[in-house]
Structures are given as structure tokens and as C-alpha cells.
Amino acid sequence: MFLYNLTLNPATAINQAIIGNFSGTKIQEIIVARHTRLELLRPEATTGKVHIVLAQETFGIVRSLSPFRLTGGSKGRLWGINDKRAHRTPRTMKEVEIPAYHYVVVGSDSGRIVILEYNPAKNTFDKVHQETYGKSGVRRIVPGQYLATDPKGRAVMIGAVEKQKLVYILNRDSAARLTISSPLEAHKSHTLVHSCVGLDVGFENPVFACLEVDYSEADNDATGEGFQNTEKMLTYYELDLGLNHVVRKWSDPVDPRANLLIPVPGGTDGPSGVLVCTENFISYRHQDAPEYRVPIPRRAQPLEDASRGLLICSGVVHKMKVHKQQQFFFLLQSEEGDIYKVTMEHRDGKVKAITIKYFDTVPVSAGLCILKSGFLFVASEFGNQIYWVELEERGAYMMRQGLLYSFEHLGDDPEDPEYNSSDFMQEDGDGELPLVYFKPRPLKNLAAVDELESLSPLMDSKIVNLTEEDTPQIYALSGRGARSTFRVLKHGLQVTELAVSDLPGNPSAVWTTKLKADDINDAYIVVSFANATLVLSIGETVEEVSDTGFLGSTPTLGVEQLGDDALIQIYPQGIRHIRADRRVNEWKTPGGKTVVHAATNHRQVVIALTGGELVYFELDNAGQLNEHQERKEMNAGVTALSLGDVPEGRQRSRFLAVGCDDDTVRVLSLDPDSCLESLSMQAVQGAPSSLCIVEMMDSGADRSHGTQYLNIGLTNGVLLRTVLDEVTGQLSDTRTRFIGSKAVKLFKVKVQGNKAVLALSTRPWLSYTVQARLYLTPLSYDMVEYGSGFKSEQVPEGVVAIAGSTLRYTPRHFALHQQSKNFVLIESEHNAFSPVAKQKAYEAKAEEGFEIDEDIVNLPEETFGLIRAEPGKWASLIRLLNPLTLETLQTIELEENEAAFSIAIVSFLAQQNEPFLVVGTGKDVNLAPRTCSAGFIHVYRFVEEGTKLELYHKTQVDDVPLALLGFQGRLLAGVGKALRIYDLGKRKLLRKCESKLTTWPSIPLKQSVPNCIVSLHTQGDRIVIGDIQESVHYATYKHRDNRILVFADDTQPRWLTTSIMVDYDTVAGGDKFGNFFIDRLPSATSEEVDEDPTGNRILVGGILFVRHGKPGAEDNQRLCLAVQYISHYYVGDIMTSLHRSTLVSGGREILVYTTFLGSIGVFIPFITKEDVDFFQTLEMHMRSEAPPLTGRDHLSYRSYYTPVKSVVDGDLCEGYVLLPAEKKRMIAEELDRTVQEVTKKIEDMRVRAAF
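Set out below in C-alpha cells:
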């Protein structure tokens, strides 16, 4: 079995975010790392929305990012120094172009430091330098975890978690190209690093600050006293530019709970130094400077645990000029999501005091970035990750759709409590600071502007077609805590409906048009009916107009803005040429013929008359529309026409496409010397219903003008896209796609300023380009009959939305009730109060004399999070939800500290196959070590047609049931290590069978499942058991003896997270380290097990005994039969669900998976050996011709823990279309194919099985 892996939706979680000027313009941009992808984000100045400019896969784990700009690079052209070291006296001087943009330093798992720059012309990240320093992989002693750059761009430090730190000097050569030195070591053995930053010291020698712990004494002390006496040190490393040497400049102990360093502006901007963020307080530290401490304010929450520490998880510093003086402040965010504003009082480079106050609360972030335009970028750890919030005083902002708001404060409200370090001065400086509090409130200083959707963390998913559409929907559980959501995912571009208008009749077509060629926005909407035409004027409102020159008493076949300022209307009896002064020139059809089809651009008009006659018109220099002398008689009836746009600098489009009812498409010349002569012809599978010639800016040709395509829509719902040669007019490289059962209609539109094609059938589709790649994607909208591009001041472009329903706690799993099509979800939250427990806690506090502030009690949990309880406390509920309306039908709160962990809908044979909801719960569950006071299996009955749940009974068990499954009319339950079969009784579940300790003969055998059952699958009598740490086990149920026998297992211990039965003998799964695997039971073993009615032959013939002592000793163990190892592949993320499904209409069955960080991917099985050889060879060439961006070896990456086997990386193969033309030709020749054949093969692998 060979598989082809494709990513349908990349990971959405952000682990790194940096800000800079990467494209060389004055616009600030953001680069984020989404685990293995780098994305360049650019905010839109007018609307505040953020757009993804570039997304590039690195095929490696991005661990750290840091921007830098070379000194002097902010002025464009200046006098440069022609020397390798900037601090020396220059030998020669010449004028050079100094880059004014930021570079990006990337720390990854490649064992190499990589410097990238953004290339705006190619829209790619280019690798400037790549230097190897260690082994690949995420290792504690290999640098890459920490990156720190000198603020002046002179050096960069890359550090490991332990021991190793390397410093590289950055400079430029005589041609202003970036240079990088050999690494300078700053290693220190037995040292752990917690944080690393570059200090702002102006133009003094670069200094880097590290938060370190020397564990050498603790490691050698068995008593534990050394660990208690271990000190955490703040250490300065100075790079001597003159000696090319790194020295430990200064080291001083800090609080052992310190976790984060924030650099303080220095040089002419501030006093330099660092803020040391520690549990419960923040301190300022610098060499030869006193320490200043200030406590971190805590929420004045009555249920707050004062003994629990509070940490700062991220921070950012913002510089600004106030009254021509440079000032700065810090925004620091706590692990609760609260943001604090920290300011410094300093004079003459000396800090006098620091102050802190509560600013606002946003979701906990992995990074903060402040833009000079006044926006704060928050990369949330979980849930929708990106928020734009305004940061400075502005005038009123107007924004449609409610995405951008104004606010009036910078956190200077005197009513908010402020705490100053001078109020907490202590003589020894080591005492605990008192706790201080603030009252949380809704946003006051920040206002949400925009957010990007995120699926991280994606906990579970189901693929079903509940809406009976052409393709199934993916229903997913994502998020954490009160920000969790139930998502409905559909393939397509989401559309927001802005306006709907009723029309007087049934319209047949619609157009939009400008009045003049240089107009930006459309002026008219022209609607055609069966016997009339309606013209609407576009302004602040849309209203009917009559004095337009259009003939309103007839249907319209075409509308176009012609020349500089004229309009044209084509109707069945002729053509109306409407001048700007409302003068009308009219052309009538001859001899009782009528116009049946028309094609136009702003200089040419072609009409088809009844009988297949073509008439061609062209605009002359005087603005007169002239008919060509000769007409063309087609041999068959004309069904469709299309003209391309007039190329820039040309007078006409050279080609006309004609569709005929003899199932052919012809291309005719429009050159004056060979007008209407046939150039090429293509036979198609049905009658053409619509044609569209459009130039798409993809990677198939020169970037300056793109590729010209002829799109052909057929009456049978098939869409063809073929390349139209710009010189000869020949048709080649045809791609086919079935998009619906109705005839296809094609229309030219624009998406983000680029040309696109709207295809309408039973579902609307959009063909468009993104980052030089061509996509065909359905729109999530109802069936449309006719379409046209639309642009106005009010609607420059559409906006995006997604369907979802908010949950209360972190979702764990869910199940579908087939009869009602409703989902049942289980939600569980650790360290949280249930509603009943919370109410009792408030009442207890009130009895103790605490004043309960209702404003704090009623704060929205989706913003401020759930109130934390002590470890071992759980909040959990069962939710019945309608996925079509996203309405919660019922919630059942679990009490007495119970938490739900598993769910299944089981049809019991004892109740005439009536489906019951079965939920596995645990009481007083502790995670480490894993213990519980009791486990329970709840059984609920569906009532009121599946819209309500009613408790049937509750059965206590001895461990937490983590896996439940219906099995032959009974319940199969994994309770800890035990696998049991239950039947439904009147008062509780009745245990019928259990896999337990076995003896043969008189020799005790260890239990079949070694740790804990987390998943179950079954076909017939075959049971596949997933162990939390020992991969999959095969078992069989023997009816005669009522026994469950485990007879085979995986040879590799895997920490299983999800699994699925591919067939009776084959299992696919994923583990917590990001590996995908397929195991198969040997066919001979499978047949032998099935043919054995009692299972005794399995025990006698298939079990081996390894004797370490005397016969009968307790350390004897049973070794199961081993399964065959079929496939293995490193996905790069924890797989949370795995399905066997079809995603496209008529497609074959594939494996679909989701991951924790929000990605969705597929494994497509190859059908022929020829395809396997082709893609394996292509993958081999791509590894050498397009090496990963971060320097990681691709083969090593996909073989992270175990060598890759029988899987081809489709994401790498799809990068072929982005290669330069010469490399594409070279690879195609090695494959004995043309470039078009290779790209078509790659595209077919995707569209035939996925999207």
C-alpha cells in the first residue's frame, strides 16, 4: 500500500510572531510561524483587516524568529563603508544601496541558522545565509530554541535550552550584501537557559542578557539540598567587536521563579537593562544599577487562590515621541490574559521608579506586536488567534461590518489603580511583596478590529453529510475553556450576503458597468427580463433610472463600457451604441434574423445570429463602432462566444472562441489580415454552454503577463480549462472538473484586484490565483443563475464568515444521533468550578464576611476565562446540539466532581435496537499520577424525537471508562486496562464478559492490555484495542466460550492518540509525537483466528513463553503475534482524529485526519504502480531542486522518529508548479514528460480525491 499525503488546511496555531519592514516599503508587516509554516501578514490601512501576503511551508519545525536591520539601512542610498568590519576606519568609500528592510533570522530543528529576506517581486522568502552549527532535531543542547538580535543589527545570539550559545556577527560587504561571521562560542556546561534577549546599548559592544540556572551541584547531590540552594542568574554576554570574542560581562542572582526577560530601550532612548518577569512581581535589573520591584496586580476575584503564583507569559515595548521627546512603555500579559501597562521614571540614564497598572484583558497570547499605526497584534495561544486592537487616540473611525472601532484612552485613567515600585522598597530586597488587586472590566483602552479564524486546538471531528449536499461537511470541536467552539466546516469560500432585493419578475441576466473607462467604481446595474430591461443606478442607494439610452422594452443579451465614455447594449434585434452625450447609434439585424449570443470587450463586439452567422465589430480611433466587411458562417449552431480582454498597449484581442452544438469549440482569428479564420478546434464531451477567455497570473508563464486560458462550460456540468497559445491560438493542456449537474455558465470577475472566473452550476465556483497558484473553489452560497463583478465605494470586496457555536468547557468528544441528526458533546474542564460548586463557594465566602461584587461575578467567561479551582476539581457537562441551526437543545451538568471522558451511541439488542447515549465519567480524577475515586457509565435515553435526553441509569465501575463502542447489540467498554462487554439492564449495566488474567497451563499470563484502553474499533468478531502507550492490539470475541482473546499487537510502542480500521485486517493510527502509521495483520494469522471456534489454538500455538526463572514464575510473560508494518510518515503534529471517507462527489475513499494545531489533511491511496514510481521520482527531484527553507533535510524530517515508508509527500510535490521554468523543464525531462503533463498529474491527484 502506497499513500499520497496532502494538507487541505494548514495548521492555524501561531507559536512565533515578529514585526518589521520586510518588503522595503514604509508599511509595517508581521511574520508569524505556524509550527512549520512562515506567513507574511500585512494590515490594510483603510479597513484594519489583515491579509496573508505569503505563506510558505518550511518542512521543519520553526522554534524561534527574530528580525533585524543592518545599521544604516533605514536611509536607502548613502555612503557605505567598503570594509568587512564597520567599526574600523574605512579604506575606500563608494556609493552603495543599503537595504532599508528587515531580515529574518530563523531558529529551527535543522541544526542550522538561516537568514531570510522577503522578495516582493517573486513573493517568496529567499535564503540569504545558511550556517550549520549542530545536529538536526529538537534537542536540549542544540541551539535554536532562543534567538536574540542586537537592536542595531550587528550580531545575533542563538541558544539552546542547555549549555550551548553561539554568537554571529552581521555585517555587509562592499556591494551592501549581508555577511555573517563564523560562530563565536558562549557555552557554559550544566547550565539551563530560561530566556534570552538582546540589550539596547546604543552603539557600544553588543550585549545579550540570559536567564540561567547552573545545576552542576544539584546534579551531583543525592540529598536534594543542592537543588534547594540552586540559584537562577541574570547574565550579560558582551561581544567584543574588536577582538571577535564573547565574554561573560556580568552575572547576578535573581529570584528562582523568574521566567521571562523584556529588554528596556537604551542608548538615547532609555536607561537600558531588562525587566525580569517573576512569579507575582516584576523587577528592573541592570549592571551597576539598583533593583526596583513592583507586584503584578491580581484580579479581585473572591474565589481567587492567593497561594497560586501569577506569571507573565508575553510582553512588548512601544517607543513613541511625545512633545518631541522619546518615550516608551511596556505591555505585559499574564497567564490569565490580563494586560498591564508598565512605565519607567528615569533621568540621565538612571531608573528612579517603575509603575504598573491594569490595562485590559484579551486572550492569552504567544506573542504581542505593536504597530506604529496604532494597532496591537495579539497571537492567541488557542482559539481565534489574531486580534487587531487600536492602541492610541484617534478620531472617529467608520467601518462597515462592525470590525473596527475607536477608543479614547492609553491606559491613563486615574480611576484605575496604579502601583509604584517606591511603595514596595525593602532593605534586603528579598522579601515577598504584598499582593495587590484590580477590578477586571470589559475592554476600555482597546477595541477589537479584526480576527482570523483558527481551529487550534482541534480536539475531535466527524465527517458526515447532514445537509445532503454534493460533498460532506466536517464537524469539529476546537478551542479551550470558555472560548471553545463547535465548528461546521465546508469546502469553499464563505460568502457574506450584503443585500437582497426583490425584482418585478423573473430576471434572466444581470450586468454591471462603468460610464467611463477611467472610472473606479461601477455606475449601473442592468437587469434583463424576458421582455424588458431594467437599469439601476449605483450610489449611496440603488434606484431605477430611465434616461440612460438603454432600450427598456426588450431583453438584453450583453452590456459593455465601450471606448473612453460610451456604452453598448446588445439585444435580439440589434446593437445600441450609446455615446456620453446620450446620442444613440443603432445597428439592426438583417433579414429577420435575431442575435442569439454576444461577446464584448471595451473595443470589440462579436454577435452570433440565428443560423450560425458571426458578425464582428471593432471600435476605430474616432470612437465609431464599425462592422467588419466579411461575416463568418459556422457549420453548426453557435451556443457560446467569448472575447479576451484587450492587452495593454494593443488595439484588439486577437482571438475569438466559438462554441457549437456539434460538441466542438473553435478559436478564430481577429487579426485584420485573417479576420474570422479558424485557427484551432477542440472536441469536447458535450455541447458548450459558456466560454470565457481570461488571463490568470499563475506560475505557468512569465510573471509579467500570466497565462491565457480558455474556460469551457458544458451543458452536462463539466468545466474545462485549456491553455490558449497567445501566438498561434492553439489549444493545449486541458484540465477537466465536474462542478454540478446543470449547464455551466462562466463570468469574468475580480478578486483582490486579480482576474478570476465565476462558474455557476448547481453550486457557484470561483477560479482564482493565490501566490501564483491556480485554484478552483466552490462558494458557500445557494445556487445562482447569473453573475457579474461588482465594485462600489461601499463594497470594495466581500468579507468572510464561518459557522460556529460557543461552548462552555473544553470539548473532548462527540457522537451523532442518526435518527434526529443531532450531536451529543461532552465537555470537561480541569481546575474549574462547576456551577453548583461555584455557587456554594460564593455562599461560603459571603458567610465569611467577604463582599461579593456582582460586576466581577458576572464577567463574560469567554473573555476572562473560567475561575481556576484547586487541582483535582472538574467542571463537566453533556450538551445536545442541533448542527444545522447550531442551537443547544439541552445541557446536563455533571455534579459531585464528575468529568466526562468518553461517549458513544449504542443500539442495545435487549431494547429492540433502540439507540441509547452512553457516557463514561470519572470522579475525583487526578491526572498525575492518574487516579480516581470511582468511574461511572451513564446511560441516557433519547426522548421527544431526539431533542431531549433522559437519564436511564448509572453504573459504577472501578476505573475511568476512556473508550466506549457498540458491539453486536451490546456495549464494549475499555475500563482502565480491562475490556468488558455490558448489556443493558433495568437498573444498571450487566457485565457479560471481560478480558482478564489467563493461565495456561498453570502459568499466570500478564493482562492483555498493558496500560490503559483509549480507543476501540470492531468489525464482526474482530476488535482492535488502542492502548495509551503500547499502540494497537488485535482481539477476537468467541461466542461459544464468551471470551475475549488478544492475539496480536504492534511491535513498536506508540503513545496512541487516534486510530481507525481501514479494513478487516488493517489499522491506521497516529501518536502523540506526530507519527502516522498503518499496521496489518498477516492474512494467514487472520484466517487462523477466524477459523478457531474456541480460541484454544490461539493460546497453544500462537503464544510463546519467555521464561526468566522457574516454570510458573510470576515474571513469565505472553508475547502476542506481531502485525506487519505497512506505512509510516511523520505528519509533524499530533493527530486528534482519523476518518475513512470521501470528500468529493464521485471520488474514491481516502483517509482524512485532523491535528491538534488545526490542520486537516488526507492520505490518498495510489491505484497503479506507474503513479507510485512517478511521484516517488518527482519527490526525489523536489528534495534536491527545492530544499526546505530552514535547511532541514526533507527525508530526515518525514522520518523524524522512524524511517518514512510507503508515503509520498504531496505538499512537496505540489511545490513543483512554483519552481522556475528552467527547473520545471529539467525535472519534466527526467520524468519523460512535458511540464504540462507533470502539473496535470499533480493536480489530478488532488481534485480526484480531495479539494
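The opening residue of the sequence shown carries number 1 in full-length UniProt numbering; numbering runs sequentially from there.
We put the beta carbon where it would ideally sit given N, CA and C, even for glycine.
It should be emphasised that the depicted structure is a prediction, and the values quoted were computed from it without experimental measurement.
Residue ranges of each beta strand (DSSP E) within the region 951-1028, 3 or longer: 961-967, 970-975, 978-984, 989-995, 1013-1019 and 1022-1027
Backbone CA spacing between K1241 and G1161 [nearest angstrom]: Position 1241 of the sequence shown, counted from the first residue, corresponds to residue 1241. Position 1161 of the sequence shown, counted from the first residue, corresponds to residue 1161. Cα to Cα, the separation comes out at about 19 Å.
Straight-line gap, Y616 to S373 (C-alpha atoms, nearest Å): Your numbering for residue 616 matches position 616 in the sequence shown. Your numbering for residue 373 matches position 373 in the sequence shown. Cα to Cα, the separation comes out at about 53 Å.
Sheet register partners of L719 (DSSP bridge): Position 719 of the sequence shown, counted from the first residue, corresponds to residue 719. In DSSP, L719 forms a bridge with G713 and R737.
For K755, the residue or residues it bridges with in DSSP: The residue given as residue 755 occupies position 755 in the sequence shown. Answer is K750, bridged to K755.
As assigned by DSSP and simplified to three states, the class of A1068: Here residue 1068 is taken as the residue at index 1068 of the sequence shown, counted from 1. Reduced to three states, the DSSP call for A1068 is strand.
Residue 1252 classed as buried or exposed, judged by whether at least 16 other C-beta atoms fall within 10 angstroms: Since the displayed the chain opens at 1 and closes at 1251, residue 1252 lies outside it and no answer follows.
Residue range of the unbroken beta strand (DSSP E) whose run includes V274: For the purposes of this step, residue 274 is taken as residue 274 along the sequence shown, with counting starting at 1. Here the beta strand (DSSP E) through V274 covers V274 to T278.
Three-state secondary structure assigned by DSSP to K152: Along the sequence shown, read from residue 1 onward, the residue named residue 152 stands at position 152. Residue state, collapsed to three classes: coil.
Y1064, buried or exposed, once every other Cβ within 10 Å from all chains shown has been counted against 16: Here the question's residue 1064 lines up with position 1064 in the sequence shown. Looking at its Cβ environment, which holds fewer than 16 other Cβ atoms inside 10 Å, Y1064 is exposed.
Separation of A1221 from E1230, as counted between CA atoms: To locate residue 1230, count along the sequence shown from 1; it is residue 1230. To locate residue 1221, count along the sequence shown from 1; it is residue 1221. Cα to Cα, the separation comes out at about 14 Å.
Given T235 as reference, the closest of R172, V197 and R721 once Cα atoms are compared: Within the sequence shown, numbered from 1, the residue matching residue 235 stands at position 235. Comparing Cα-Cα distances from T235 to each of R172, V197 and R721, the minimum goes to V197.
First and last residue of the uninterrupted alpha helix (DSSP H) at I575: Counting from one through the sequence shown, the residue named residue 575 turns up at place 575. Run containing I575: none in the alpha helix (DSSP H); it sits in the beta strand (DSSP E), G574 to I578.
Which listed residue (I538, I31, V1009 and L534) has its alpha carbon closest to that of D522: As a working note, residue 522 is residue 522 in the sequence shown. Comparing Cα positions, the closest option is I538.
Buried or exposed by the 16-neighbour rule on C-beta atoms within 10 Å, applied to H1039: As a working mapping, residue 1039 is identified with position 1039 in the sequence shown. When all chains shown are included, H1039 counts as exposed.
Assigned secondary structure, A832 (DSSP; H/G/I helix, E/B strand, else coil): Against the sequence shown, residue 832 aligns to sequence position 832. DSSP places A832 in strand when its eight states are reduced to three.
Residue interval of the beta strand (DSSP E) (run including Q228): Residue numbering aside, residue 228 sits at position 228 when the sequence shown is read from its first letter. No beta strand (DSSP E) contains Q228, which is instead part of the alpha helix (DSSP H) from E225 to Q228.
For E1091, three-class secondary structure by DSSP: As a position in the sequence shown, residue 1091 is number 1091, starting the count at 1. Three-state DSSP puts E1091 in a helix.
Nearest-angstrom Cα separation, counted from Q130 out to S181: By 1-based counting over the sequence shown, the position of residue 181 is 181. By 1-based counting over the sequence shown, the position of residue 130 is 130. In a straight line, the C-alpha of S181 is about 11 Å away from that of Q130.
Delimiting residues of the beta strand (DSSP E) encompassing R868: Here the question's residue 868 lines up with position 868 in the sequence shown. R868 -> no beta strand (DSSP E), and no H or E assigned at all.
Identity of the residue in S501, Q561 and P572 nearest T541 by Cα: Indexing the sequence shown from 1 puts residue 541 at position 541. T541 has its Cα closest to that of S501, out of S501, Q561 and P572.
Same chain only: Cβ atoms within 6 Å of S508, ignoring 5 sequence neighbours per side: Here residue 508 is taken as the residue at index 508 of the sequence shown, counted from 1. Only S528 meet the Cβ criterion.
Where the beta strand (DSSP E) containing Q326 begins and where it ends: Stepping through the sequence shown from its first residue, residue 326 is reached at position 326. Here the beta strand (DSSP E) through Q326 covers Q325 to S334.
Three-state secondary structure (DSSP) of K1240: Along the sequence shown, one-based indexing puts residue 1240 at 1240. Reduced to three states, the DSSP call for K1240 is helix.
Residue range of the unbroken alpha helix (DSSP H) whose run includes D855: Counted from its first residue, the sequence shown places residue 855 at position 855. Looking at the DSSP string, the run of the alpha helix (DSSP H) that includes D855 is E854 to V857.
Beta-carbon spacing of I856, P263 below 9 Å: Walking along the sequence shown from the start, residue 856 turns up at place 856. Walking along the sequence shown from the start, residue 263 turns up at place 263. No. Outside cutoff.
Cβ-based neighbour list, T1060, same chain, cut-off 8 Å, excluding 5 preceding and 5 following: Walking along the sequence shown from the start, residue 1060 turns up at place 1060. According to the sequence shown, residue 1060 is Ile rather than Thr. Same-chain partners within the cutoff: H1017, V1067, A1068, G1069, L1138, H1139, R1140 and L1151.
Cβ shell of V128 (< 6 Å), same chain only, five flanking positions each side left out: In the sequence shown, counting from the first residue as 1, residue 128 sits at position 128. Excluding residues within five positions, the ones whose Cβ falls inside 6 Å are I115, E117 and L178.
Local Cβ density within 10 Å of M634, reported as buried at 16 or more and exposed below that: If you number the sequence shown from 1, residue 634 lands on position 634. The residue is buried, with at least 16 neighbouring Cβ atoms inside 10 Å.
Residue(s) in a DSSP beta bridge with R652: Taking the first residue of the sequence shown as position 1, residue 652 is located at position 652. The partner list for R652 (beta bridge, DSSP) is empty, contrary to what the question assumes.
Beta-carbon proximity list for M344, same chain, < 6 Å, skipping 5 on both sides: If you number the sequence shown from 1, residue 344 lands on position 344. Excluding sequence neighbours, M344 sits near V351 and I354.
Cutoff 8 Å; reference H102; Cβ partners in own chain excluding five residues on either side: As a first step, residue 102 is located in the sequence shown; it is residue number 102 there, counting from the start. The answer, listed in chain order, is G20, N21, F22, P67, F68 and R69.
Between the CA atoms of N1011 and V1238 - distance to the nearest angstrom: Walking along the sequence shown from the start, residue 1238 turns up at place 1238. Walking along the sequence shown from the start, residue 1011 turns up at place 1011. Roughly 48 Å separates the two Cα atoms.
Range of the contiguous beta strand (DSSP E) that encloses L534: Your numbering for residue 534 matches position 534 in the sequence shown. T533 to I538 is the span of the beta strand (DSSP E), which, as asked, contains L534.
Residues near N626 by beta carbon distance below 7 Å, same chain, minus five either side: Translated into the one-based positions of the sequence shown, residue 626 becomes position 626. Once the five neighbours on either side are set aside, the close Cβ partners of N626 are F617, E618 and D620.
Residue environment, H245, which counts as buried when at least 16 other CB atoms sit within 10 Å: Numbered from its first residue, the sequence shown carries residue 245 at position 245. Exposed.
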